[in-house]
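Below: the structure, in structure tokens.
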Amino acid sequence: MDVLPEFAIVNKRDVSTYKIESNSGYKKQNVITSLMMSLKDGYVQKSCYWSAEMLSSNMIDIFLQKSIAFLSQEIYQYNPNSPKWLHNEISRINSVIDIFPNNLLELRNSQEVRNSVCEISSVLSMSRKRTYKIPKIN
Numbered sequence: 022m023d024v025l026p027e028f029a030i031v032n033k034r035d036v037s038t039y040k041i042e043s044n045s046g047y048k049k050q051n052v053i054t055s056l057m058m059s060l061k062d063g064y065v066q067k068s069c070y071w072s073a074e075m076l077s078s079n080m081i082d083i084f085l086q087k088s089i090a091f092l093s094q095e096i097y098q099y100n101p102n103s104p105k106w107l108h109n110e111i112s113r114i115n116s117v118i119d120i121f122p123n124n125l126l127e128l129r130n131s132q133e134v135r136n137s138v139c140e141i142s143s144v145l146s147m148s149r150k151r152t153y154k155i156p157k158i159n
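For the record, in the sequence shown the residue sitting at position 72 is 93 according to our numbering, with numbers rising by one throughout.
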């Protein structure tokens, strides 16, 4: 399912430009770091923004890898059903990837992928996370 033409992301840049920076001109590593911090701090709106930035910048594979790592490190203990849910969401994205095997940049204009990426980032940011207790020194 494609998005309406007025909501489509149309960019004439080459795919190789996304190896260094994002669609909005942020450094790739800064986008990844900002996403991970917003997930950890529980900021839903920021995590959706940075995940959409990653999707529009052809970094869907990195987003999925970081989501799996974040889930396994921070959330799994508190929500044992979350790995199965994330697997289902990734399977849904992979089914759309099979439609565009030669042009992954077109995934950013798929409403199903947009919804899944937003759902993943929202659930991960809203989930209960591991907390660190610093011992008090007397």
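Think of the CB as a built atom: it goes at the ideal place given N, C-alpha and C, for glycine as much as any other residue. Remember, predicted model here, so these are calculated numbers, not experimental data.
Reference residue i; option with closest CA among the options
i: L25; options: I158, N159, Q132; result: Q132
i: H108; options: A90, Y99, F121; result: A90
i: I83; options: I120, M147, T54, Q66; result: T54
i: W106; options: K40, S59, I118, S88; result: S88
i: M75; options: K157, V134, S112, I158; result: V134
i: C139; options: N159, A73, I81; result: A73
Pair within 8 Å by beta-carbon distance, residue i and residue j
i: E42; j: K48; result: yes
i: N130; j: I30; result: yes
i: L145; j: L92; result: yes
i: S137; j: I114; result: yes
i: K67; j: E95; result: no
C-alpha gap between residue i and residue j, whole angstroms
i: Y97; j: P104; result: 7 Å
i: K150; j: S45; result: 30 Å
i: I141; j: N102; result: 14 Å
i: G63; j: L85; result: 18 Å
i: V36; j: L126; result: 8 Å
i: E27; j: W71; result: 21 Å
i: M58; j: M147; result: 13 Å
i: L128; j: D23; result: 9 Å
i: E110; j: P156; result: 38 Å
i: D119; j: T152; result: 38 Å
i: C69; j: F121; result: 23 Å
i: I158; j: N51; result: 35 Å
Residue i - DSSP class collapsed to helix/strand/coil
i: S43; result: coil
i: K150; result: coil
Whole-angstrom C-beta distance between residue j and residue i, which should lie under 8 Å
i: V65; j: S143; result: 5 Å
i: N79; j: Y39; result: 5 Å
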